[in-house]
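Asker:
In our numbering, the protein residues as written are -4 to 163.
Here it is in structure tokens:
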């Protein structure tokens, strides 16, 4: 694992918050370097997710990324039934935490599921932002936001580090 690459990846989400970047970096470095130590260190948190048995390395990496971003209020877990307008409120909390001035507006209650994700991305595009969907085998959508201009870099760094995610 390349620490510089990890830091570069995390900064796509934390922007100028060096302390959040450091905390997330320490947590993810442990997950990438020593999955068993990560699982032991965060056993209680994983148990709250119903993950008490040893996890495959890929799943553990993805859960570590989700939980690290969630712990810094840089991720919103939306239920698949949540309307886009409700999820937009959670994404606005992320934008505020990132120090961005933009705010997401999605009209109407609408349906949840993939249609809500499409509506959210449609609302993010004019703001030059991109929706990030992190991988989790559940009925929740772990979501975050990056600059649209950094979408390809986000994909590339995630792949290089072994995380799975989709950038819309």
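Don't be surprised by glycine CBs; every beta carbon is placed ideally from N, CA and C.
Can you list the beta strand (DSSP E) stretches of 3 or more residues lying completely in the stretch 130 to 161, in chain order?
Answerer: Segments of the beta strand (DSSP E) lying fully in the stretch 130 to 161: 135 to 142.
Asker: Where residue 101 and residue 84 are concerned, what is the direct C-alpha to C-alpha distance, given to the nearest angstrom?
Answerer: Roughly 9 Å separates the two Cα atoms.
Asker: CB-CB under 6 Å to residue 7, same chain, minus the five flanking residues each way: which ones, in chain order?
Answerer: Hits under 6 Å: 141, 145, 149.
Asker: Would you mind reading off the limits of the alpha helix (DSSP H) that contains residue 73?
Answerer: First-last for residue 73: 71 to 74, but that is the beta strand (DSSP E), not the alpha helix (DSSP H).
Asker: Compute the distance between the beta-carbons of residue 30 and residue 52, then report whether it is under 8 Å.
Answerer: For residue 30 and residue 52, yes; Cβs fall inside 8 Å.
Asker: What separation, rounded to the nearest whole angstrom, lies between the Cα atoms of residue 44 and residue 77?
Answerer: If you take the alpha carbons of residue 44 and residue 77, they lie about 19 Å apart.
Asker: Leaving out five residues on either side along the sequence, give the residues of the same chain with a beta carbon under 7 Å from the beta carbon of residue 126.
Answerer: If we look at residue 126 and ignore the five residues flanking it on each side, its Cβ neighbours are 112, 115, 116, 119, 138, 140, 163.
Asker: When we look at the beta-carbon of residue 107 and count the other beta-carbons within 10 Å, is it buried (16 or more) or exposed?
Answerer: So residue 107 counts as buried.
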